[in-house]
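Novice:
There are 4 protein chains.
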Amino acid sequence: MPRHKLEDAKPRLLAAGLSLFAELGIERVNSNSIARRAKLAVGTFYSHFDDKYALLQELQMRSLDVLRSQRLAALREAAPDPEAQARAVIAAAVEFARTHPEAYRLAFGRERAASTRQRSLISESNRPTAEVLRRLQQAGRLDPDLNVDLASRAYAAAEAGLLLWWLEDPTRGEARELIETLARLHPVVACRLS
Amino acid sequence: MPRHKLEDAKPRLLAAGLSLFAELGIERVNSNSIARRAKLAVGTFYSHFDDKYALLQELQMRSLDVLRSQRLAALREAAPDPEAQARAVIAAAVEFARTHPEAYRLAFGRERAASTRQRSLISESNRPTAEVLRRLQQAGRLDPDLNVDLASRAYAAAEAGLLLWWLEDPTRGEARELIETLARLHPVVACRLS
Amino acid sequence: MPRHKLEDAKPRLLAAGLSLFAELGIERVNSNSIARRAKLAVGTFYSHFDDKYALLQELQMRSLDVLRSQRLAALREAAPDPEAQARAVIAAAVEFARTHPEAYRLAFGRERAASTRQRSLISESNRPTAEVLRRLQQAGRLDPDLNVDLASRAYAAAEAGLLLWWLEDPTRGEARELIETLARLHPVVACRLS
Amino acid sequence: MPRHKLEDAKPRLLAAGLSLFAELGIERVNSNSIARRAKLAVGTFYSHFDDKYALLQELQMRSLDVLRSQRLAALREAAPDPEAQARAVIAAAVEFARTHPEAYRLAFGRERAASTRQRSLISESNRPTAEVLRRLQQAGRLDPDLNVDLASRAYAAAEAGLLLWWLEDPTRGEARELIETLARLHPVVACRLS
DNA sequence: AATGAATGAGATTTCATTCAT
DNA sequence: TATGAATGAAATCTCATTCAT
Numbered sequence: 000m001p002r003h004k005l006e007d008a009k010p011r012l013l014a015a016g017l018s019l020f021a022e023l024g025i026e027r028v029n030s031n032s033i034a035r036r037a038k039l040a041v042g043t044f045y046s047h048f049d050d051k052y053a054l055l056q057e058l059q060m061r062s063l064d065v066l067r068s069q070r071l072a073a074l075r076e077a078a079p080d081p082e083a084q085a086r087a088v089i090a091a092a093v094e095f096a097r098t099h100p101e102a103y104r105l106a107f108g109r110e111r112a113a114s115t116r117q118r119s120l121i122s123e124s125n126r127p128t129a130e131v132l133r134r135l136q137q138a139g140r141l142d143p144d145l146n147v148d149l150a151s152r153a154y155a156a157a158e159a160g161l162l163l164w165w166l167e168d169p170t171r172g173e174a175r176e177l178i179e180t181l182a183r184l185h186p187v188v189a190c191r192l193s
Numbered sequence: 000m001p002r003h004k005l006e007d008a009k010p011r012l013l014a015a016g017l018s019l020f021a022e023l024g025i026e027r028v029n030s031n032s033i034a035r036r037a038k039l040a041v042g043t044f045y046s047h048f049d050d051k052y053a054l055l056q057e058l059q060m061r062s063l064d065v066l067r068s069q070r071l072a073a074l075r076e077a078a079p080d081p082e083a084q085a086r087a088v089i090a091a092a093v094e095f096a097r098t099h100p101e102a103y104r105l106a107f108g109r110e111r112a113a114s115t116r117q118r119s120l121i122s123e124s125n126r127p128t129a130e131v132l133r134r135l136q137q138a139g140r141l142d143p144d145l146n147v148d149l150a151s152r153a154y155a156a157a158e159a160g161l162l163l164w165w166l167e168d169p170t171r172g173e174a175r176e177l178i179e180t181l182a183r184l185h186p187v188v189a190c191r192l193s
Numbered sequence: 000m001p002r003h004k005l006e007d008a009k010p011r012l013l014a015a016g017l018s019l020f021a022e023l024g025i026e027r028v029n030s031n032s033i034a035r036r037a038k039l040a041v042g043t044f045y046s047h048f049d050d051k052y053a054l055l056q057e058l059q060m061r062s063l064d065v066l067r068s069q070r071l072a073a074l075r076e077a078a079p080d081p082e083a084q085a086r087a088v089i090a091a092a093v094e095f096a097r098t099h100p101e102a103y104r105l106a107f108g109r110e111r112a113a114s115t116r117q118r119s120l121i122s123e124s125n126r127p128t129a130e131v132l133r134r135l136q137q138a139g140r141l142d143p144d145l146n147v148d149l150a151s152r153a154y155a156a157a158e159a160g161l162l163l164w165w166l167e168d169p170t171r172g173e174a175r176e177l178i179e180t181l182a183r184l185h186p187v188v189a190c191r192l193s
Numbered sequence: 000m001p002r003h004k005l006e007d008a009k010p011r012l013l014a015a016g017l018s019l020f021a022e023l024g025i026e027r028v029n030s031n032s033i034a035r036r037a038k039l040a041v042g043t044f045y046s047h048f049d050d051k052y053a054l055l056q057e058l059q060m061r062s063l064d065v066l067r068s069q070r071l072a073a074l075r076e077a078a079p080d081p082e083a084q085a086r087a088v089i090a091a092a093v094e095f096a097r098t099h100p101e102a103y104r105l106a107f108g109r110e111r112a113a114s115t116r117q118r119s120l121i122s123e124s125n126r127p128t129a130e131v132l133r134r135l136q137q138a139g140r141l142d143p144d145l146n147v148d149l150a151s152r153a154y155a156a157a158e159a160g161l162l163l164w165w166l167e168d169p170t171r172g173e174a175r176e177l178i179e180t181l182a183r184l185h186p187v188v189a190c191r192l193s
C-alpha cells in the first residue's frame, strides 16, 4: 500500500541520511532509522539503495561534484596568476565547508563507505593540484627538487584537516584567516622560486 | 578452567587487537575475534578491557607516548636552530610511521574510540608545535600576522595525512623526500621572516 | 524473511510468556525461549517488548484489570451490606484465582518486573478496601482505634498469601472454606462494632 | 597463598551476602561481588558455599532460628492466656523485624533459594500456630467450623506481608499499632468463641 | 513502487566455576 | 585453605534484509 508520492522518496532518504550520518557517524546509524527520519518504510530505503554505504557514497559524490564545480567557477573568475588562482580555489573550499558543513564532514571526514575499496576522496580532489604543480615546475617557476605528488597530497590533507577541525568550532578562526593560513602552506606559494 | 600463565594475557590482547584493527578496522572486528587471535577466551578480553574501544584507546595512547618520546629524543640531539629542530621532529615521526605502521595508522587514521568524545589525537600531538611557533613569533622571527593555532593545526593534518597515505604504499616516496616535503610546509619554514 | 500472519504475534508472545513464567519463574526464562514457544523469532519478541520484564509487567497489568473488573461486577450484584459486599469481593478473587491460576500467581507471586521500582501489586489492589474501611469508620460502624491502612494491607497480604498457597495444591481446601476463612479475617468483619 | 586469618572467612561471607541480597535481590548479586565485599577471593567463597543459593539458605535458616527462639522466649514470659500469648508472639516478630530488617526481608521476602524446592519459610514458621489453634478448637474455645490450616496460613501471610510492607517505610505505623492490627486478625482473637 | 512486521545470524556481555599457585 | 586470572556457555539485544500485502 503505497502511501507517499513517488517523486520525493530518494531526496528525502538522502537528506535523512545526511543529517543522521553527521549526527552519529555511519556505524551508529542504521537503515531503519534513516527510513524513520525520512518518514518512509524501511522497504522503501532498500528499493533506492543497496545499503547505508551506498547512500553514503552517493552523498559523498554529490558533495564532491558541487565542491568541484564551485572550485572551477572560482578559478574562471580569478586572475591568471598561479598564486591568485590557488587562493581563489582555497576560498571556494572554505566557502563550501562553511555553507555545507555536514556535506563537507561527510566527504572529507573519517566516514568511509566501508566495504568499498573506494579511492580516498581527498586523493580524488587532489589530482588537479598535482597537475598544476607539475606544469609550474616544468615552466621553471617551482622548486625542481619538489616531489609534486607528495606536496600536493600533503597540502590536500592540510586543507581537509584544517577545515574539519574548524567546523567543529567555527570560532576557531575567521574565513579570511583560514584562507590566509592555507595559502601560505600551498605548494604554489610555499615552494615558488624567487 | 584457567589454562594460561598469568603474565601475558593483556599484552597478547593488545597485540591481537593491533593487528586485527589494522587489517579490518574497528567496526569489522569484534571482541570474540580479538580473543580468538590472542588464543584466549572471550571472558579474558572483558576482564582486561571494558570493550573493544577501550583496547583501541589504550593502543592509541601507547603509540602516542612512544611517538612523543621519540620526538623528544630527536629534539634533544638536534642543533639549537628552529628549522633544524623542526626537521628532526619530522624525521622522528617519519621513522616512527615507517617502523610502526600499524600503530601509526591506528593513532592517526580514521579509527576512533567511538562514543568517546575523545580529543583528536592529532590535536593532542599538535600542542608543542603551537607553543614553539608562538615563541618564535614573539621573538620576531615569524610572520606576526600568522594565526599560530590554525597554522600548527594545518601542518599537523598535513603530516598525518601524508604519512597515512604513504603507508598505504611506501613506494610513493622515500623517507628523505617525505621529510623534505613536510619541512617546506612546516610553518617554521614556510612562514619564517627573511 | 517474514513468515507469519501479522495479527497474532503479540498475543502469542503473551501466552508463551505466561506459561513459561508460571512453569519456571522469570529468572529461569529467557527471551529466546519465549520466542521459541511462541514459534516466532527472537527479534519478533524485541519488536513487541523491551525485555522479558516488560512482558511480565503487561501480563500482570492485564491480570489485575480482569480481577478488578470481576470484583466490581461482584460488588454490583451484592446486597448493600458491607459484610455481604466483602464476601462477594472475596469470592470473586477466589474464583479468579481458581480459573486463572497462572495469571494470579504471576500478579501476586514473587515475580517482580525487577529493576522497576514498581508499586507492589498487592498495594495496588488494596486501595479500594482501605477506602471502604475509612468510610465505615467515619460512620461509626468500625472500631475507631483501628489503623485502617495497616489493617487493609494486612488483609490483602492474607488474601494473596492464602490463595497462592492454595493454588500450589487445591486439595488444601474448598473454595467455600477459603471464602469463609478470609471473610473472618477481613477487617470489615473482624473489626466491626457490635 | 592464603592471605586472611582462617577463622573469619565464613562469617564475613555471610555478612557480605546479607547486605548485598538486601540491597539488590539474589538475582542481581553474584558470587564474585559477595567475595569482593567480604574482601576475600572468589575461590574462598566456593570453599565455604556451593553457590549463592546455599549462602542465602544459610542466612534464612539462621534468621528463622533466631526468630523462633525469640518467639519461644516471649511465650515463656507471657500470661497463660491464649490471647496474651498470641500477642506476645506477634510482638516478638515485630521486634525481630525492627531490629533485623535485612534478615527478616531475606527470610520472608520474595527471595527463594531458587533451584531448591524448599518448603516455604512462612509455612515453616506457621506450624506452631496451627497446633495451638487445633488445641483450642478441641477445647471448645474456637469456632468449630474453622479450617485451622487455612486460617493459620492466612494469618501467617498477613503477618509477613504487613511487616515486609512496613519495613519498606517504617513511618507507616508504630510497633504498637502493628501488634494491635495483627492481633485483631489472629485466628485466636478473630475466631474465638464468646 | 511502497509498506513494515517478521526474521535470525551475530555481536556484546555476564558470571558461575575451575585450578595452578 | 586461600587466591584470583582465566574460562566459555549462555543470555541479551541489534539490525540488515526479506516478502506478503
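Which chain is which? The protein sequence lines are A, B, C and D, in order.
If you count the first sequence from 1, position 192 lands on 191 in numbering that gives the first Met the number 0, and the numbers rise without skipping.
If you count the second sequence from 1, position 189 lands on 188 in numbering that gives the first Met the number 0, and the numbers rise without skipping.
If you count the third sequence from 1, position 95 lands on 94 in numbering that gives the first Met the number 0, and the numbers rise without skipping.
If you count the fourth sequence from 1, position 184 lands on 183 in numbering that gives the first Met the number 0, and the numbers rise without skipping.
Yeah, the Cβ is synthetic: ideal placement off N, Cα and C, and Gly gets one too.
1) Please list the residues of the segment 141-155 of chain C that have a C-beta atom closer than 9 angstroms to any C-beta atom in chain D, keeping them in chain order.
2) Unbroken beta strand (DSSP E) runs of length 3 or more, entirely within the segment 128-153 of chain A: which are they?
3) Taking buried to mean at least 16 other C-beta atoms within 10 Å of its own C-beta, is D:Glu76 buried or exposed?
4) Considering only DSSP beta bridges, list what B:Arg191 is partnered with.
5) Can you say whether D:Gln137 is buried or exposed, counting buried as having 16 or more other CB atoms within 10 angstroms of its CB?
6) Buried or exposed: which applies to C:Ala78, given that a residue is buried once 16 or more other Cβ atoms fall within 10 Å of its Cβ?
7) Check the Cβ of C:Thr128 against every Cβ in chain D and list those closer than 8 angstroms, keeping chain order.
8) In whole angstroms, give me the CA-to-CA distance for C:Ser122 and C:Glu57.
9) Would B:Pro10 be called buried (16 or more neighbouring beta carbons within 10 Å of its own) or exposed?
10) Considering only residues of the same chain and omitting the five flanking positions on each side of C:Leu192, which have a CB-CB separation below 8 angstroms?
11) Would B:Ala174 and B:Val93 qualify as a contact pair, given that the criterion is a beta-carbon distance under 8 angstroms?
12) Within the 8 angstroms Cβ cut-off, does A:Glu26 reach chain B?
13) Please identify the residue among A:Leu166, A:Leu149, A:Glu167 and A:Ile178 whose C-alpha is closest to the C-alpha of B:Asp168.
14) With distances taken Cα to Cα, identify the nearest neighbour of C:Leu19 among C:Pro186, C:His47, C:Leu181 and C:Lys51.
15) Nearest chain D C-beta to C:Ile89 closer than 8 angstroms, yes or no?
16) Quick check: what's the CA-CA separation for B:Arg35 versus B:Ala15?
17) Would you grab the beta carbon distance between C:Glu110 and C:Gly24 for me? Rounded to a whole angstrom, and I think it's under 8 angstroms.
18) Can you list the residues of chain D that C:Thr170 reaches, using a CB-CB cut of under 7 angstroms?
19) How many angstroms separate the CA atom of A:Thr115 from the CA atom of A:Asp49?
20) Would you call the CB atoms of B:Leu177 and B:Leu105 closer than 8 angstroms?
21) Rounded to whole angstroms, what is the Cα-Cα separation between B:Leu184 and A:Pro186?
22) Classify A:Ser68 as buried or exposed, calling it buried when 16 or more other Cβ atoms lie within 10 Å of its own Cβ.
23) Pull up the distance between the alpha-carbon of B:Asp7 and that of B:Lys38, whole angstroms please.
24) Let me know if C:Thr98 comes out buried or exposed under the rule of 16 or more other beta-carbons within 10 Å of its beta-carbon.
25) Are the beta-carbon atoms of D:Ala189 and C:Ala189 separated by less than 8 angstroms?
26) Near D:Trp164, what residues of its chain come up, given a Cβ to Cβ distance below 8 angstroms and the 5 sequence neighbours on each side ignored?
27) Classify B:Glu158 as helix, strand or coil using the three-state DSSP reduction.
28) Could you tell me whether any Cβ in chain A is nearer than 8 angstroms to the Cβ of B:Arg75?
29) What number of angstroms, rounded off, separates the C-alpha of C:Ala196 from the C-alpha of D:Leu181?
30) Whole angstroms are fine: how far does the CA of D:Tyr45 sit from the CA of D:Pro127?
31) What residues in its chain sit with their C-beta under 8 angstroms from that of C:Ala73, if we drop five residues either side in the sequence?
32) Between B:Leu63 and chain A, is there a C-beta pair that is closer than 8 angstroms?
33) Using a Cβ cut-off of 9 angstroms, which residues of the segment 91-113 of chain A contact any Cβ in chain B, in chain order?
34) Taking D:Ala96 and D:Leu162 to be in contact with their CB atoms under 8 angstroms, please state how far apart those CB atoms are, rounded to whole angstroms.
35) Look at the alpha carbon of C:Val230 and the alpha carbon of C:Arg70, and state the distance between them as a whole number of angstroms.
36) First and last residue of the alpha helix (DSSP H) that includes A:Glu76?
Specialist: The structure says:
1) Asp142, Asp144, Leu145, Asn146, Asp148, Leu149, Ala150, Arg152, Ala153, Tyr154 and Ala155
2) none
3) exposed
4) B:Leu141
5) exposed
6) exposed
7) Within 8 angstroms Cβ-Cβ: nothing; C:Thr128 doesn't reach chain D, min ~13 angstroms.
8) 17 angstroms
9) exposed
10) Gly139, Arg140, Leu141 and Asp142
11) yes
12) yes
13) A:Leu149
14) C:Lys51
15) no
16) 9 angstroms
17) 6 angstroms
18) Result: empty, since nearest Cβ-Cβ is about 11 angstroms, beyond 7 angstroms.
19) Low local confidence applies: a pLDDT of 48 at A:Thr115 is under 50, so the model's placement there is unreliable, with the coordinate-based value given in what follows. Distance between the alpha carbons of A:Thr115 and A:Asp49: 13 angstroms.
20) no
21) 8 angstroms
22) exposed
23) 11 angstroms
24) exposed
25) yes
26) Arg171
27) helix
28) no
29) Only positions 0 to 193 of chain C appear in this structure, which leaves residue 196 of chain C out of reach.
30) 36 angstroms
31) Ala87, Val88, Ala90 and Ala91
32) no
33) Gly108, Arg109, Glu110, Arg111 and Ala113
34) 4 angstroms
35) Since the first residue of chain C shown is 0 and the last is 193, residue 230 of chain C is not available in this structure.
36) Lys51 to Glu76
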